[in-house]
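Single-structure report; data block below.
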Amino acid sequence: MSYEYLFHGADVIDRAYIKAQGQAFEIFTPGKRQQMVTSPLHLEEINKARPEVLSLHAVAKEPKHTMKGFEWKDIRGVEGTGFVRALRTILTSYLPQLLPRLSEIMAGEVREQLLKNGHSEGCYQISIYNLAKKIVARTNCFVFFGQVLSENVEFLIAAQEFPYDTAVSAEILRLLPWPVAHFVARIYTRNYRSSRVFHDFLTREVQRRFELQERRDQKAKFGEVKPGLGRQDSAFSSYDDLTGLENDGLQWLIDTAPKKHSWSIDRLVGEIMGTWYGSVHTLTIAVTYALIDLYSRPEIIKPLRDELHDIGLDQLKGAPHELPLLDSFLKESARLSAFECTGVRRKALQPFTFSDGIHVSKDEWICVPHRSIMRDSMRFSNALQFDPFRFHKAKEMNANTRERLSQSYLTEASDTWLAWGIGRIVCPGRFYAAAILKLVLARMLVDYDCELQKMRGSRSYQWRSSLVPKRSVKLMVRNREKDS
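In terms of the UniProt record's numbering, the sequence shown has 410 at position 410, counting the first letter as 1, and numbering is strictly consecutive.
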């Protein structure tokens, strides 16, 4: 069964989930056993477990030897709170200023990619995954690294390819003996070129900013400039006119890195590369599935366009309640088209036993079968039916209950919606990710008329616990008349 998991992992987990009837169950994968749990009691105990016992970061470091030698530590404690603050608090606070510029960047990137693919009688044909990858990498580059680096072609290409090369290399290294795997991975990634280029650019940029920051600190001593993070009233342009520091994600990550035990430049660059990998890889696939779900259901296009017309694309600020129907559609897409079948993953750094006696040995994983839960008819009515109004209805029904109202948004993080994590450890960039998802679909709806190209077979394939969209899924795209 363990090798069946490689090519049919989603099916293996789903069958075991149905057979378990709400109880915990085991999944055997090549090299390790995974303990699957679903009950509120188990979730609570996972949340309360100390990070030196059950670790998320020990799971995250599994793509080994693919990030220029950097490996995340098994445990991240207080020293990691700065990165969380940079993504959850600072980035989220800048969304109202960022989104108009990101909307322009997206529009330009889509036009550029369509023109590269040529057209026949005004109709373009493009791979949805490739388009999503270009859009996400381009917008994320601007947010994370500022305008100068995001417009450097060599850096942009490396930033686009690095997450994909890392994911593929990690799988090769997992499957083959080390000497052979390393050789094959080097060939496949052209000697890890994207990783090297990405790393070298970031190292030079972080070094430059450290030097500029030293000048800023010196000027602060003499009252020429106030030290601290970027101005909240800025237009997301220059970070500091006196020193030339950028006001972007990279600078926030530098500024929020631990001061008591200073990170080296190499450590900081490695952490940034790890953050970039997670943000681009996952968001690209989420955008791909959202576009597939949208154009698989042409009946929802008019209601979504009507909502956009009433609210106005240029009025988006990144708040969860904006475009409630589109929010509901995206949440339903996340429910039924989940890229990853498991969530709330933890590696046991020490033996761990739940209060009901379920035991997990050292180095085994604990997971929640997220995709199976989201498709469970005991949790969702007509669970396998795509209902774009499902969570929109919930908002209307709960309009008098403020707390329950907020829980029906895509950005919800709770025991009943585990897409972003649980309890103390939830995705700090979820408000940004949700805003990008909305913006991509909004731009496509406003600017283009699209149709999915017909194809035989499934639009995705299974690998381990992931369902990966095929690059061969194509979209037929036409420019939309402005008054239509």
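Note that CB positions come from ideal geometry on N, CA and C, so glycine has one too.
- For methionine 444, the enclosing alpha helix (DSSP H) has its first and last residue at 430-447.
- With a cutoff of 8 angstroms on beta-carbon distance, phenylalanine 391 and threonine 411 are scored as not near each other.
- Rounded to whole angstroms, the Cβ separation of isoleucine 126 and glutamine 113 is 6 angstroms, and the two are in contact under 8 angstroms.
- Counting along the chain, the unbroken beta strand (DSSP E) around leucine 475 starts and ends at 474-479.
- Counting along the chain, threonine 288 sits inside the alpha helix (DSSP H) bounded by residues 265-295.
- The beta-carbon separation of valine 269 and leucine 202, rounded to 5 angstroms, stays under the 8 angstroms limit for a contact.
- Considering only Pro100, Tyr461, Arg471 and Glu246, the residue with the shortest C-alpha distance to glutamate 340 is Tyr461.
- Runs of beta strand (DSSP E) with 3 or more residues, each lying fully within the segment 89-141, are found at 123-127, listed in chain order.
- With fewer than 16 other Cβ atoms from the protein chains shown falling within 10 Å of its own Cβ, threonine 353 counts as exposed.
- Nearest neighbour of arginine 371 by Cα position, chosen from Trp365, Leu384 and Glu364, turns out to be Leu384.
- Beta-bridge annotation (DSSP): glycine 249 is not paired with any residue.
- Within its own chain, the residues whose Cβ lies closer than 7 angstroms to the Cβ of leucine 176, once the five positions on either side in sequence are excluded, are Val184, listed in chain order.
- DSSP lists no beta-bridge partner residue for glutamate 332.
- Closest option to glycine 278, judged by alpha-carbon separation, among Tyr164, Asp217 and Leu313: Tyr164.
- Residue pairing by DSSP places leucine 467 opposite Gln462 in a beta bridge.
- Ranked by Cα distance from valine 468, the options Ser337, Arg346, Ile425 and Ala413 are led by Ser337.
- Taking one beta carbon from each stretch, the segment 212-219 and the segment 35-52 have fewer than 3 pairs nearer than 8 angstroms; the two do not touch.
- Among the bridge pairs identified by DSSP, glycine 421 is matched with Val426.
- Contact annotation: leucine 441 and leucine 294 have beta-carbon atoms nearer than 8 angstroms.
- Residue state for arginine 33 is assigned as strand, using DSSP reduced to three classes.
- The shortest C-alpha to C-alpha distance from glutamine 97 to any of Val143, Leu326, Glu481 and Gly118 is the one to Val143.
- According to the DSSP assignment, isoleucine 366 belongs to the beta strand (DSSP E) that extends over 365-368.
- With contacts defined as CB atoms closer than 8 angstroms, isoleucine 46 and isoleucine 27 fail to qualify as a contacting pair.
- Apart from the 5 residues on each side of it in sequence, threonine 284 sits with its Cβ closer than 7 angstroms to the Cβ of Ala132, Lys133 and Val136 in its chain, given in chain order.
- Between lysine 362 and glutamate 44, the alpha-carbon positions lie close to 20 angstroms from each other.
- Restricting attention to Val368, Asp415 and Ser103, the CA atom closest to the CA of arginine 443 is found in Ser103.
- Selection Gly31, Val168, Asn382 and Arg375 evaluated against threonine 416 yields Arg375 as nearest (Cα-Cα).
- By the Cβ rule, the segment 470-482 counts as touching the segment 445-455, because three or more pairs are nearer than 8 angstroms.
- The C-beta of isoleucine 128 has 16 or more other C-beta atoms within 10 Å across all chains shown, which makes the residue buried.
- When secondary structure is reduced to three states using DSSP, arginine 345 falls in the strand class.
- For arginine 50, there is no enclosing alpha helix (DSSP H), as DSSP gives it neither H nor E.
- Cβ-Cβ distances below 8 angstroms link glutamate 364 to Lys32, Arg33, Gln34, Gln35, Lys347 and Ala348 in the same chain, with the five nearest sequence neighbours on each side left out; the list follows chain order.
- Looking only at Ser264, Asp314, Pro388 and Met273, the smallest Cα-Cα distance to glutamate 299 is reached by Pro388.
- Its chain contains Leu253, Thr256, Ala257, Glu271, Thr275 and Pro428 as the residues whose beta carbon lies nearer than 8 angstroms to that of phenylalanine 83, once the 5 sequence neighbours on both sides are disregarded; these appear in chain order.
- Straight-line spacing of the CA atoms in serine 264 and phenylalanine 145 works out to 19 angstroms.
- Check the Cα spacing between serine 377 and each of Tyr5, Glu4, Ile157 and Gln21: the tightest is with Gln21.
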